[in-house]
Amino acid sequence: VDKPAFSNTFLDNATTAVAQLNIDIAGDYTVQLIVTDPETGAASAPARHTVTARPLEELYVALTWDKDDTDLDLHLVPNAGVFWGDEDASFCNPELDWGERGLAVFSGDVSEGFGPEAVSITDMADTSYHIGVHYFEDNRGASITATVTIYLNGEFKGTFTEDLNHNYFWKAGYIRIEEGEGSIVEHDDSPYFSSIRECSE
């Protein structure tokens, strides 16, 4: 009955004795149970329970957006990495070993719905991790609002939000890690037009 903004989660087998909830993004989920007598049709009072889904990975960055039938792409690079390059954790490189700077896993490219796309990082180092968002495909002819959500060691750290037009790239900000502690810094730069459509070799 309640879930994080833009989550695509739904209950499988919701009207059977055993239902399953597949979590797709960190945050709070509220489930509700109503038991109905099949003979009389009498229903119980609703019983609700809220669970908080927290990432196991040290750093979790997720991208969601507010209009269906569009395709945004999340990009994440360690300090000195280049977006669209061979250190870009995204659809370009779903799994990356950055050596001393950590291991990155991309959740998968989402081209419909509202996302999410996510990058999870383990074995973090004292460095910065930079976040980019590209508005790749537009089937609605309108600007959209993109939201980046950041969790560090399972705890919510904050969000970045920006309105984007088709083919624009947004350098959202970065996470600075120092002795295992993190701070997030939002970029002041405006999104810029980008004709890049493919990852570099």
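Under my numbering, the first residue of the sequence shown is numbered 65, with each subsequent residue one higher.
Glycine residues also receive a C-beta, built at the ideal position from the N, C-alpha and C atoms.
Excluding sequence positions up to five away, which residues of its chain have a Cβ less than 6 Å from the Cβ of residue i?
i, result
"Asp-76", "Gln-84"
"Thr-79", "none"
"Asp-92", "Thr-114 and Thr-116"
"Pro-275", "In the structure as shown, the chain begins at 65 and stops at 265. Residue 275 is therefore absent and cannot be evaluated."
Distance check for residue j and residue i, CA to CA, integer angstroms please.
i, j, result
"Asp-187", "Asp-101", "52 Å"
"Thr-211", "Val-65", "22 Å"
"Lys-235", "Pro-68", "24 Å"
"Asp-253", "Gly-237", "9 Å"
"Ile-248", "Arg-240", "6 Å"
"Leu-216", "Ala-90", "11 Å"
"Ala-206", "Phe-200", "13 Å"
"Trp-162", "Thr-94", "37 Å"
"Gly-105", "Asp-88", "34 Å"
"Tyr-280", "Asn-229", "No statement about residue 280 is possible, as the shown extent of the chain runs from 65 to 265 and does not include it."
"Ile-260", "Asp-202", "15 Å"
"Ser-264", "Gly-145", "13 Å"
"Asp-135", "Phe-70", "14 Å"
"Ile-166", "Gly-246", "The displayed chain sequence assigns Gly, not Ile, to residue 166. Rounded to the nearest angstrom, the two C-alpha atoms are 15 Å apart."
"Phe-220", "Asp-173", "23 Å"
"Ile-214", "Phe-170", "14 Å"
Measure the CB-CB distance between residue i and residue j and report whether it falls below 7 Å.
i, j, result
"His-250", "Phe-224", "Reading the sequence as shown, one finds Glu at residue 250 and not His. Yes, these two residues count as a Cβ contact at 7 Å."
"Val-141", "Asp-150", "no"
"Thr-114", "Gly-179", "no"
"Ala-182", "Ala-126", "yes"
"Phe-96", "Arg-112", "Checking the sequence, you will find Gln at residue 96 rather than Phe. Yes, they are a contact pair."
"Asn-143", "Ser-175", "no"
"Asp-137", "Thr-209", "no"
"Ala-189", "Glu-164", "yes"
Can you give me the Cβ contacts of residue i inside the same chain, cut-off strictly under 8 Å, excluding the 5 residues immediately before and after it?
i, result
"Ser-258", "His-198, Asn-231, Tyr-232 and Phe-233"
"Pro-110", "Gln-96, Leu-97 and Ile-98"
"His-139", "Phe-147, Trp-148, Asp-152, Ala-153, Ser-154, Cys-156, Ile-195, Gly-196, Val-197 and His-198"
"Ala-107", "Ile-98, Val-99, Thr-100 and Asp-101"
In the DSSP output, which residue or residues are listed as bridge partners for residue i?
i, result
"Asn-157", "Ser-154"
"Ser-192", "Arg-240"
"Asp-202", "Thr-134"
"Thr-186", "Leu-167"
"Glu-250", "Gly-237"
"Pro-142", "Tyr-193"
"Arg-112", "Gln-96"
"Val-174", "Looking at the DSSP assignment, Val-174 forms no beta bridge with any residue, so it has no partner."
I'd like the list of long-range same chain contacts for residue i, defined as Cβ closer than 7 Å, with 5 residues on each side in sequence excluded.
i, result
"Gly-177", "Asn-72 and Asp-132"
"Glu-121", "Ser-184, Ile-185 and Thr-186"
Legend entry - the segment 93 to 109 in contact with the segment 209 to 224 per 3-pair CB rule at 8 Å: no
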